[in-house]
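**Student:** One structure, as structure tokens, below. Some questions next.
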Amino acid sequence: MAIPFEFGYEKPATIADALHLLDKWGRNARILAGGTDLANELKQGFRVPELLVDIKGLDALEKIKVLDDALHIGALVTFDMVRNSQLVRDHAYILYEAAGLVASSGVRNRATVVGNICSAVACMDSAAPLLVHDAVVHTASLEGEREVPVQDWFVDNRKTLVGEKEMVSHVSIPLPKIKHAGAYQKMMRYTGEDLAAANVGVLLMEDGACRVAFGSVGPIPRRSPEIELFFEKNGVNARHIDQAKDMIGGIISPITDVRATKEYRMHMTKVMFVRAMHAAVERLKKQKI
Amino acid sequence: MKKISFTLNGELRQVDVAPNEILLEVLRYKIGVKSPKCGCDTGDCGACTVILNGKAVRSCLIFAIEINGQEIVTLEGLSKDGLTPLQKALLDRNAFQCGYCAPGMILSATCLMSGNPHPSEEEIKESIAGNLCRCTGYQPVIDAISEVTKKH
Chain A
1258 MAIPFEFGYE KPATIADALH LLDKWGRNAR ILAGGTDLAN ELKQGFRVPE LLVDIKGLDA
1318 LEKIKVLDDA LHIGALVTFD MVRNSQLVRD HAYILYEAAG LVASSGVRNR ATVVGNICSA
1378 VACMDSAAPL LVHDAVVHTA SLEGEREVPV QDWFVDNRKT LVGEKEMVSH VSIPLPKIKH
1438 AGAYQKMMRY TGEDLAAANV GVLLMEDGAC RVAFGSVGPI PRRSPEIELF FEKNGVNARH
1498 IDQAKDMIGG IISPITDVRA TKEYRMHMTK VMFVRAMHAA VERLKKQKI
Chain B
256 MKKISFTLNG ELRQVDVAPN EILLEVLRYK IGVKSPKCGC DTGDCGACTV ILNGKAVRSC
316 LIFAIEINGQ EIVTLEGLSK DGLTPLQKAL LDRNAFQCGY CAPGMILSAT CLMSGNPHPS
376 EEEIKESIAG NLCRCTGYQP VIDAISEVTK KH
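Residue numbers (this note's numbering), protein chains in the order written: chain A, 1258 to 1546; chain B, 256 to 407.
Structure representation (structure tokens):
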């Protein structure tokens, strides 16, 4: 299907050039990285930009690196690159795990982690892993750089805190100082295409702290301070995991749509929470560092 | 309109494209390469798969203007010098019925094999998980990929 309207295209050679374009065009410009969401949004007329700013010439954004005690994931890092990164496996295993469940290899070769949190569709796979890792979104504009905790980043379905003259340069994940283990669970109809009908991410720390995030069961993915506090007070064990499961009904607000009913989403979120918690407990036992 | 140059199946091509033109449509209707198919047009079905700089991608989700200076391989390029061993194995097994998914399936499997000459059955299934087929039930396709990756 052809895209039924016209727009311009620029491929800036430097980040400064990209920021100048954004400064001039504002909300009429849209950043193009992998394009797997954007092409669909334009075909559907959900977005009608006047200019696409293709950032794929900005090699500096294509890096996964550790800097200042944080794992940096640049705006051009694809899910395929995440799957092949030992740094991600070592420091944010749950992101590696989630990346392997994103659509299919043909999409993972193109789609980016940063694009995923900029499209901010409620069912995105990156959000829960980034939420439990207290990740930070780094934006840039001509006015300077900003750091936004990923907890605050999502405003509504498909809406984020990105400013109209800003782009996201990278996300950073603070390296946990103590032993930790995460687990990601995704409910879908079949492998190879599907968006999450619900997803759960958990991160367990050696000192007993536990972080829990739910996705696709509300307008935005969110952490659950209720469950985290419950584990902080009571500790993590099989009985408490079961009790925490029963709290989920009051925490998430799934809807019925083409992919699942709200009842099924609710039920499966509880099942996946228990599975993720047990997986994380087991993984933590095996962790060396 | 902007003139873009790219390598298509080993040959340098130049074509005028507007920014709103999708790669799949430019390949099929401006250049006449018909192996990439339009199935779902949303990146789910894999019928439009092409190899871009060595990686299988969805040509229905790529703006043609993005591939300026890049390298594209389609099924036509793959079988320039006759059928590949994988294609022969698929043919021997009658692995496809309507054939609509075949180009994408073959390109996805070819990409897998280029980076991983001896994949496990799980890896084979994962590589074609995004290529939907409504005829075969997938098993003969998986068998054919297994056969040629065991031989080599």
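From the three backbone atoms N, C-alpha and C, an ideal C-beta is built for every residue, glycine too.
(1) Using 10 angstroms around the beta-carbon of B/Y301, count the other beta-carbons present and answer buried if the total reaches 16, otherwise exposed.
(2) In the DSSP assignment, find the beta strand (DSSP E) that holds B/C366 and state where it starts and stops.
(3) Between which two residues does the beta strand (DSSP E) harbouring B/I306 extend?
(4) So, is B/H407 buried or exposed, given that buried needs 16 or more other C-beta atoms within 10 angstroms?
(5) To the nearest angstrom, how far is the alpha carbon of A/V1407 from that of A/A1275?
(6) Excluding the 5 residues preceding and the 5 following A/A1368 in the sequence, name in chain order all residues of the same chain whose CB lies nearer than 8 Å to its CB.
(7) Along chain B, in chain order, which residues have C-beta atoms closer than 9 Å to that of A/E1263?
(8) How would you list, in chain order, the residues of chain B whose beta-carbon sits under 7 Å from the beta-carbon of A/G1363?
(9) So, with DSSP's three-state summary, where would you put A/D1347?
(10) Quick one: Cα of A/E1263 to Cα of B/E280, how far?
(11) Listed from N- to C-terminal order along the chain, which residues in the stretch 1339-1370 of chain A have their beta-carbon within a distance smaller than 7 Å of any beta-carbon of chain B?
(12) Any idea if B/E266 is buried or exposed, counting beta-carbon neighbours within 10 angstroms, 16 or more meaning buried?
(13) Identify every residue that forms a DSSP beta bridge with B/R408.
(14) Taking 6 Å as the limit between beta carbons, can you name the residues of its chain near B/L263, skipping five residues before and five after?
(15) Going by DSSP in three states, A/Q1408 sits in which element: helix, strand or coil?
(16) Any chance the stretch 1520-1540 of chain A sits against the stretch 281-290 of chain B, with 3 or more Cβ pairs inside 8 Å?
(17) Can you give, in chain order, each stretch of the beta strand (DSSP E) that sits fully within the stretch 307-350 of chain B and has at least 3 residues?
**Tutor:** From the atom records:
(1) Per the sequence shown, the amino acid found at residue 301 of chain B is Gly instead of Tyr. B/G301 should be labelled buried.
(2) For B/C366, no beta strand (DSSP E) encloses it; the enclosing alpha helix (DSSP H) starts and ends at 357-370.
(3) 304-307
(4) Because the pLDDT at B/H407 is just 48, under 50, the model does not fix this residue reliably, and the point stays unresolved.
(5) 23 Å
(6) The residues are G1291, T1293, D1294, T1335, F1336, V1359, A1360.
(7) A273, P274, N275
(8) G301, T304, A311, V312, R313, S363, G385
(9) helix
(10) 16 Å
(11) A1360, S1361, S1362, G1363, V1364, N1366, R1367
(12) exposed
(13) In the structure as shown, chain B begins at 256 and stops at 407. Residue 408 of chain B is therefore absent and cannot be evaluated.
(14) I327
(15) In the structure shown, A/Q1408 sits in a helix (DSSP, three-state: H, G or I).
(16) no
(17) 310-313, 326-328
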